[in-house]
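Residue numbers (our numbering): 3 to 914.
Built from N, CA and C at the ideal position, the CB exists for glycine as well.
Have a look at the structure below, then the notes.
Pasting the structure below:
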């Protein structure tokens, strides 16, 4: 199907009723869809793998592709071809729409082909072996054409069976949880534990082929009458694949109280399968991944290294994982003594830190363990089976999210058991208790004093983990026989780095998504541009190195970075209140994503991906009284009493979702659609208000910066996705834009009284200046750039541009415009991108000049900053490495975003 003429497109949109201009009346009479001069050009799009190696052993890949406004209808079909022009089966669906109803983002799933690929409008090729989904009674059956997986709709087994042909490869796939009711320091107390298993409450087929199928399973872990620790698991299947992917999320709803030893302490959290064992003991193969693609390659009953030799061919075949010849053909000195060769049924690999794993085995329960090796960082991969079939399994980010563990049990019996432990039972139980006793901070006044010394905003009862979540990814292969070493290495590769297709930066720029004009491809054409590019590269490299040197790893920590550095200790301030974990403060998430959008660099994508997985899950509440809010930066993820929209900000999730169509991140964004209700539960300004304030659903005090930017991002995303509440979300976007613009001082007014029922701000009777240096640094500029492009609302545009004009203006200029200046402000370098945006929108050369002046010569990093690291070693530091004592994450995020946006907007107007 060719690109549509504008008249046809608008007619189609009107007929569809999805986003007609009449619909814009909902919420405000003064807005309309931004005009579209002509149907946008939509050339074929090249897609390629982020890393070398192609799809490898992964089941498939899904990619999001943006389209210029007006290019295609939402029901457009697409075709995919390989580098040689061969048609590649692809499944496509819309994941976002432009306001005029045209397709903004489409998702594309594929499971074959080497790439690079070309995506064009057209009819998709059908897969030779389609994914099919059927539901009957209590089972959902998914067939990839190679394997069939039966999924439970009730009970404990999420996966009832995995078969390949007529052979059952695995069964009874369930979740397991070990709870300790008490935790004591030292050698006091008695160790007790309780074992829980998954209990399914709902199973839903979200996609049913022909290339990709997705099944979601929700429930809790149950033992007897108690159910807790909710889970949400998605299983992904691709056409022709012999494997499937699991995305596993838990939300903590247990009780742990500071100063108390009793509570709900997770001592083990895992995914468990039974694996039928049909082959003779000497034909049963164990594979456990070590460093890199290293493997322990053994048989349950080994015939190598014996005092008697069964024959070189027999030994070689066993090591290769091939079926052995009948023992009657071996040297009979071995055959007649097979009964005396031990059978090793149990194996365990434990990764209790980021720097070491141990491997051991035993013949069976009740017998001693034998050390089988160890190393530094295990791949998280294993296999158990034989020539008649076996199961490969892997846990992504295995060592990065320690403590993790792999168990194989009873491989010498008719049924082995495999457990992938997301939290190793050999580690200390998961202790999430708040880290201090409050130190007498019982009143707001005392808490503000604490804030003034450690930068931690403490409040009794607020440092709770109740409601935080964590997502893990697992892969499983149903092999028809023990895979060859080369195939095992491919499977390990897929576990370690899940292959991801991507559209090139030029397509993102051409489609004008994520703020048109705010990013451009790296350009070193002048010395000044090259120097900024060098600085951007330096910062990215430094933070990646710091993740490794400082060991920013662990189940709850991996994906985040630290806030501030302590040059005296040569250490990040991991133990000093609000200076510890960053929790998205001043938008490092945006810095990383914008760095990827412009460069297409795989390492930057992976850095941003891990941060998105972390900050959206761990730093945000998903249950309880603060569901929908995130926690400000601190020593623990949830320690600070500032529970705010700015951390739960949907803006930080949008990039990963639209680039990958990841359903879990989609859940997180959709959960925020009603997060305006959270302002009834908690007043973010309760400690500093000077006037009485009681939350009123018709007059909620909400800021136009950090608060509204989080809210409007969720609404905009729901509207674009055409989710269940998209009409309400659209109304909220438009009505809040209109009523911010209607304030006497627009954005400079600072905040307004919001009505939950109407979705509008009351227009204040008198002008007020309420500007904060934080208002625009949690994604406001990036969101407003998108909104101004999407919605033709001149008053809103002018209100935002006026804010941009005057934040970095002189106090005299501010007072002349608003009657008073903005007071003491900070973060001028980061705000230079607002000058740059306004300069382009207004054509004001003075703003362009000021943008570069503030970028180069205000606060933050300057050209005279060292732009280098210093080597560290003992005895001044724990481990050898490097430091840049002048680098702070606030400055890094702001410099990174300002540099990227200023170069894109005003790269042709840099000072000489």
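Reference residue i, options the options, closest by Cα
i, options, result
"residue 131", "836, 148 and 117", "148"
"residue 466", "539, 753 and 255", "255"
"residue 404", "418, 410, 380 and 386", "380"
"residue 115", "140, 106, 86 and 134", "86"
"residue 426", "238, 436, 397 and 416", "397"
"residue 199", "171, 192 and 229", "229"
"residue 483", "611, 515, 167 and 185", "167"
"residue 154", "146, 139, 598 and 145", "139"
"residue 281", "165, 390 and 787", "390"
"residue 590", "651, 571, 331 and 735", "651"
"residue 220", "226, 246, 177 and 733", "177"
"residue 392", "382, 716, 585 and 479", "479"
"residue 366", "755, 413 and 386", "413"
"residue 535", "901, 876 and 165", "901"
"residue 750", "762, 775, 760 and 733", "775"
"residue 224", "185, 205, 157 and 263", "157"
Beta-ladder partner(s) of residue i, from DSSP
i, result
"residue 165", "150 and 170"
"residue 222", "201"
"residue 240", "214"
"residue 410", "349 and 420"
"residue 574", "567"
"residue 649", "According to DSSP, residue 649 bridges with nothing at all."
Beta-carbon contacts of residue i that lie in its chain and below 7 Å, excluding the five residues immediately before and after
i, result
"residue 862", "831, 832, 893, 896 and 897"
"residue 58", "492, 495, 496 and 501"
"residue 558", "472, 620 and 639"
"residue 269", "180, 181, 182, 195, 427 and 431"
"residue 530", "912"
Start and end residues, alpha helix (DSSP H) containing residue i
i, result
"residue 899", "891-908"
"residue 50", "Premise fails: residue 50 lies in the beta strand (DSSP E), 47-51, not in any alpha helix (DSSP H)."
"residue 479", "Premise fails: residue 479 lies in the beta strand (DSSP E), 471-481, not in any alpha helix (DSSP H)."
"residue 733", "728-743"
"residue 667", "665-672"
Limits of the unbroken beta strand (DSSP E) element including residue i
i, result
"residue 252", "245-253"
"residue 534", "Element bounds for residue 534: not the beta strand (DSSP E) but the alpha helix (DSSP H), 529-551."
"residue 112", "105-112"
"residue 494", "No beta strand (DSSP E) holds residue 494; the alpha helix (DSSP H) holding it covers 487-498."
"residue 872", "872-874"
"residue 385", "383-388"
"residue 98", "93-99"
"residue 134", "134-138"
"residue 756", "753-757"
Chain D within 7 Å of residue i, Cβ atoms only
i, result
"residue 485", "Of the protein chains in the structure, only one exists, and it is not chain D."
Residues near residue i by beta carbon distance below 8 Å, same chain, minus five either side
i, result
"residue 908", "838, 841, 842, 850, 853 and 854"
"residue 546", "605 and 609"
"residue 906", "519, 520, 521, 522 and 600"
"residue 735", "29, 714, 717, 718, 721, 789 and 793"
"residue 1", "With the chain running from 3 to 914 in the structure shown, residue 1 is simply not present."
"residue 32", "Confidence is the limiting factor: at residue 32 the pLDDT is only 41, short of 50, which leaves the residue's position unreliable and the question unanswerable from this model."
"residue 666", "234, 236, 249, 251 and 473"
"residue 856", "810, 830, 831, 833, 834 and 837"
"residue 577", "637"
6 Å CB neighbourhood of residue i in its chain, flanking five on each side removed
i, result
"residue 152", "141, 143, 162 and 163"
"residue 686", "646"
"residue 174", "159 and 276"
"residue 443", "449, 452 and 460"
"residue 411", "348 and 419"
"residue 2", "Any answer about residue 2 is impossible in this case: the structure gives the chain only from 3 up to 914."
"residue 165", "150"
"residue 847", "none"
Would you call the segment 426-436 and the segment 504-517 touching, i.e. three or more CB-CB distances under 8 Å? Judged by Cβ distances under 8 Å, the segment 426-436 makes no contact with the segment 504-517, as fewer than three pairs qualify.
Determine, using beta-carbon pairs with one atom in the segment 821-830 and one in the segment 784-800, whether at least three such pairs fall under 8 Å. Three or more beta-carbon pairs separated by less than 8 Å are not found between the segment 821-830 and the segment 784-800, which leaves the two stretches without contact.
(message) For the segment 695-702 against the segment 723-730, do three or more pairs of beta-carbon atoms, one drawn from each stretch, fall closer than 8 Å, so that the two count as touching?
(response) Counting Cβ pairs under 8 Å, fewer than three are found: no touch.
Problem set entry | At least 3 beta-carbon pairs within less than 8 Å: the segment 879-894 vs the segment 564-582 | Contact between the segment 879-894 and the segment 564-582 is present, because at least three Cβ pairs lie under 8 Å.
Would you check if there are 3 or more beta carbon pairs closer than 8 Å linking the segment 319-328 to the segment 411-426?
No: the two stretches stay apart, fewer than three of their Cβ pairs being nearer than 8 Å.
Notebook entry, point to check: Counting Cβ pairs closer than 8 Å, one from the segment 97-104 and one from the segment 709-727, do we hit at least three?
Noted result: These segments touch.
Q. Should the segment 652-660 be regarded as contacting the segment 668-676, the criterion being three or more beta carbon pairs within less than 8 Å?
A. As far as the Cβ criterion goes, the segment 652-660 touches the segment 668-676, which means the pair count is three or higher.
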